[in-house]
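Have a look at the structure below, then the notes.
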Amino acid sequence: MISYGSDRNIHRIQAVKASMILTMKNFFADPQWIIPSIIAPFIFTLVSLFLFRNVNGPVLMYAVLGGGMMGMWGTTVYGSGSSIMFDRWNGTMEATLSAPSPLIWIVMGRVIFNTLEGMVNAIFILFIGLMWFRVGVSIYEPLQFSIATILTFVSLSSVGLILSSVYVLTRKAGFLENGLEIPVYIATGTMFPIALLPFYVQGFSFMLGPTWGIDAIRISAIQGYSGFSTGYIPDLVIMCLETAIYFFLSFILFTKVESRAKINGTLGEY
Amino acid sequence: MDGLRVLRSSIIFGRRGSIIWDSWEMWILQIFILPLTQMAFFAFLAGSINHSASDVQYVVIGNAIQTMSFSAVFSVANITSQDKWQGTLTGLIVSPANRMALLVGRASFQIVMSTLISAIGLVYAHFLFGVSFSGADFTGVILILVITSVTMMGFGLLISSIGLYLRTAMIMANVFLFISLLVCGVNFPVYYLPSWLRVLSYVIPMTYGVSAMRLAISGSSIPELSGIIFTEIFVGIIVILAAYILMKTFEYLAKKTGRLEQY
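Residue numbers (the numbering used here), protein chains in the order written: chain W, 80 to 349; chain X, 281 to 543.
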């Protein structure tokens, strides 16, 4: 016999799954829309690799991994914003919010697919970097690398979820997604150590889970890499703690934002 | 006379349309935030690799000029797509108005915008990234800003023409918004690129604009810059002519295949 609680969980999982499938179908129906979210990370990585052309293997690997991370970030930032914006454009916003499933589960499905798409984007950037610039593929600790990558993926999804909650309230998703893209590349140290940044920006960097994730990825991928003084395990622990806080915050935000948006009656406005 | 009248009304419409279309936040973003963040990204990157002030300044000046692409390339390229979204493209196409006057007029406001964006980029370059203008030829700096804006607007028109036939020019606009970062000598000299990619560098006016700006800031006078400026103008004219030919071709194809309203 299924209890009410389990039944509710099954419905939530179904909502996430259905939302992922719909996002995937939308993507395959019109895949050109991935280009705006991948082009900046792709070009930024190529430029970085040209700038790194006179340096040796491990540093190139550092840049290629950073490029992959930018690819994942770009898709998360744009995907989260666009998922709500497209609802507004297509006139499906009200219908989505009046569905019995809370909005967070629907958005979670979209965010998970977008982050997966970001991983494919990251692999594409890695592939181009490795082929064009002949960066040697040697992952120092493959298992640790895989764990760090998966956890960073989860952390990115949690950031995407928080961003999406903001986009429900505002018509300015375009402003936010365009304005956030490059600052997050800078703040998370995708291409250069965050030690170079002013101290007040570094505080913001450490509040972003993926900053710790990229450090852990680099520690596991590049032999002799010295990132933060914390090390691989503490990096992952901090990232997981921050990710948990993001998920908690996004649940609170979605509850508040959903009811406020319904009260204001401005959901379809754009 | 008709062409001039169309040009005049398109300039007015383009200015009003641009102001209404974008919110004030988007203007702030486009003029002040995006140039700063892009310049900061590449300045930190160059600094982390070479630790040399001259390398950082090379990158900063290049990016200050390249940021005009947000307006001169991206906004201009999207003109035809915006007409598609708003359902006004068919009305424009069936009108007897001179096409070139129509498009150039609509895009002309972006010349002002792109000049402003790059000028603010140069202000950032001086105050935040330490680029010295002590020996700069300011007449040359302003002249290069304006010429590069006009010629890059032509490049934006080239992409906009393709938007007549495609479902949207947005994708191409995104690609060409950033491609100049790679191929126009913005962050590193063009000779770093493989020879097949360098061909693209020489057909984008930005390549000459960026190079001329670095020379003007380092003290070259207008007569010394005349060679590179004339080359930029020449390439700009070719690009605008190509935009016109492409526009006529794609207009014909779009009418023939009924794709005008497809988006």
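For each residue, glycine too, the CB sits at the ideal point set by N, CA and C.
| Top-ranked residue by Cα proximity to residue 340(W), from 197(W), 249(W), 190(W) | If you number the first sequence from 1, residue 340(W) lands on position 261. When only C-alpha atoms are compared, the closest one is 249(W).
| query | Since residue 270(W) meets chain X, which of its residues come closer than 7 Å, beta carbon to beta carbon? | reply | Within the first sequence, residue 270(W) is the residue found at index 191, counting from 1. Under the 7 Å cutoff, chain X gives 325.
| field | Secondary structure of residue 402(X), DSSP reduced to three states | value | The residue you call residue 402(X) lines up with position 122 of the second sequence. Correct three-state label for residue 402(X): helix.
| said: So, under 8 Å CB-CB, residue 440(X) and residue 360(X) are touching, yes? Tell me the CB distance rounded to an integer number of Å. | reply: In the second sequence, residue 440(X) corresponds to position 160, counting from 1. In the second sequence, residue 360(X) corresponds to position 80, counting from 1. Indeed they touch by this definition, with Cβ atoms about 5 Å apart.
| query | Using Cβ-Cβ distances below 7 Å, what residues of the segment 467 to 486 of chain X are close to chain W? | reply | 467, 468, 472
| query | So is residue 261(W) in contact with chain X if we call contact Cβ pairs under 9 Å? | reply | Counting from one through the first sequence, the residue named residue 261(W) turns up at place 182. It does: the Cβ of residue 261(W) has a partner Cβ on chain X nearer than 9 Å.
| query | With 9 Å set as the bound, which would you pick, yes or no: does the beta-carbon of residue 449(X) sit closer than that to a beta-carbon of chain W? | reply | As a position in the second sequence, residue 449(X) is number 169, starting the count at 1. By this cut-off, residue 449(X) is not an interface position.
| Where residue 270(W) falls: helix, strand or coil (DSSP) | In the first sequence, counting from the first residue as 1, residue 270(W) sits at position 191. Of the three classes helix, strand and coil, the one that applies to residue 270(W) here is coil, per DSSP.
| Closer than 9 Å to chain X by CB, residue 129(W) | Within the first sequence, numbered from 1, the residue matching residue 129(W) stands at position 50. True, the Cβ-Cβ gap to chain X drops below 9 Å.
| query | Counting Cβ pairs, one atom from each stretch, are 3 or more of them under 8 Å apart for the segment 279 to 293 of chain W and the segment 346 to 358 of chain X? | reply | no
| request: Return the residue from the list 446(X), 434(X), 408(X), 504(X) that minimises the CA-CA distance to residue 483(X). | output: As a first step, residue 483(X) must be located in the second sequence, where it is residue number 203. Nearest C-alpha to residue 483(X): 434(X).
| Inter-residue Cα distance where the pair is residue 477(X) and residue 172(W) | Mapped onto the second sequence, residue 477(X) falls at position 197. Mapped onto the first sequence, residue 172(W) falls at position 93. The straight-line gap from Cα to Cα measures roughly 44 Å.
| query | Under 9 Å between C-beta atoms, does residue 455(X) make it to chain W? | reply | Here residue 455(X) corresponds to residue number 175 of the second sequence, with the count starting at 1. Interface residue, yes.
| said: Quick check: does the Cβ of residue 337(W) come within less than 8 Å of any heavy atom belonging to the ligand GTP? | reply: Within the structure as shown, the ligand GTP is missing, as the structure has no ligands at all.
| said: Let me check understanding here. Comparing Cα to Cα, which of 327(W), 110(W), 284(W), 298(W) lies closest to residue 227(W)? | reply: Residue numbering aside, residue 227(W) sits at position 148 when the first sequence is read from its first letter. Of the candidates 327(W), 110(W), 284(W), 298(W), the residue whose Cα lies closest to the Cα of residue 227(W) is 298(W).
| query | Does the distance from the CB of residue 486(X) to the CB of residue 464(X) come in under 9 Å? | reply | Position 206 of the second sequence, counted from the start, is the residue given in the question as residue 486(X). Position 184 of the second sequence, counted from the start, is the residue given in the question as residue 464(X). Their beta carbons are under 9 Å apart, which means residue 486(X) touches residue 464(X) by this criterion.
| query | Counting only beta-carbon atoms, is residue 123(W) nearer than 9 Å to chain X? | reply | Locating residue 123(W) in the first sequence gives position 44, where the first residue counts as 1. It does; some Cβ of chain X falls within 9 Å.
| field | Residues in the segment 304 to 323 of chain X having any Cβ partner in chain W nearer than 8 Å | value | Those would be 305, 306, 309, 313, 314, 317, 318, 320, 321, 322, in chain order.
| field | residue 462(X) at chain W interface by Cβ criterion, 9 Å | value | What you label residue 462(X) is simply residue 182 of the second sequence in a count that begins at 1. Yes, its Cβ sits closer than 9 Å to a Cβ of chain W.
| Would a check of beta-carbon distances place residue 459(X) closer than 9 Å to chain W? | For the purposes of this step, residue 459(X) is taken as the residue at position 179 of the second sequence. Cβ-Cβ to chain W under 9 Å: yes for residue 459(X).
| Would you call residue 27(W) buried or exposed, if buried means 16 or more other Cβ atoms sit within 10 Å of its Cβ? | Nothing can be reported for residue 27(W), as the shown portion of chain W is limited to 80 through 349.
| query | Any idea if residue 110(W) is buried or exposed, counting beta-carbon neighbours within 10 angstroms, 16 or more meaning buried? | reply | Here residue 110(W) is taken as the residue at index 31 of the first sequence, counted from 1. Exposed: under 16 other Cβ atoms inside 10 Å.
| message | Tell me the DSSP secondary structure of residue 366(X) in three-state form. | response | Position 86 of the second sequence, counted from the start, is the residue given in the question as residue 366(X). DSSP, read as helix, strand or coil, puts residue 366(X) in helix.
| For residue 318(X) and residue 409(X), the rounded distance between their alpha carbons | On the second sequence, position 129 is the one that residue 409(X) refers to. On the second sequence, position 38 is the one that residue 318(X) refers to. So the two alpha carbons sit approximately 13 Å from each other.
| task | To the nearest angstrom, report how far apart residue 480(X) and residue 310(X) are at their CA atoms. | result | In the second sequence, the residue the question calls residue 480(X) occupies position 200. In the second sequence, the residue the question calls residue 310(X) occupies position 30. Using only the alpha carbons, I get a separation of about 26 Å.
| What residues from chain W crowd round residue 332(X), counting only those whose CB sits closer than 7 Å? | Here the question's residue 332(X) lines up with position 52 in the second sequence. The contacting residues do not exist; residue 332(X) stays about 12 Å from chain W at best.
| task | Determine the extent of the alpha helix (DSSP H) in which residue 193(W) is found, giving its start and end residues. | result | In the first sequence, the residue the question calls residue 193(W) occupies position 114. Residue 193(W) -> alpha helix (DSSP H) spans 182 to 211.
| DSSP three-state call for residue 232(X): helix, strand or coil? | The structure shown has nothing for residue 232(X), since chain X only spans 281 to 543.
| query | Candidates 528(X), 425(X), 505(X): which alpha carbon is nearest residue 343(X)'s? | reply | Looking up residue 343(X) in the second sequence gives position 63. The candidate whose alpha carbon is nearest that of residue 343(X) is 425(X).
| CB contact below 9 Å: residue 199(W) versus chain X | What you label residue 199(W) is simply residue 120 of the first sequence in a count that begins at 1. No, residue 199(W) does not count as interfacial toward chain X.
| said: What does the Cβ neighbour count give for residue 427(X), buried or exposed, with the cut at 16 atoms within 10 Å? | reply: Walking along the second sequence from the start, residue 427(X) turns up at place 147. The residue in question, residue 427(X), is buried, as its Cβ has 16 or more Cβ neighbours within 10 Å.
| Quick one: which chain X residues come within Cβ less than 9 Å of residue 132(W)? | In the first sequence, the residue the question calls residue 132(W) occupies position 53. For residue 132(W), the C-beta contacts it makes with chain X under 9 Å involve 468, 472, in order along the chain.
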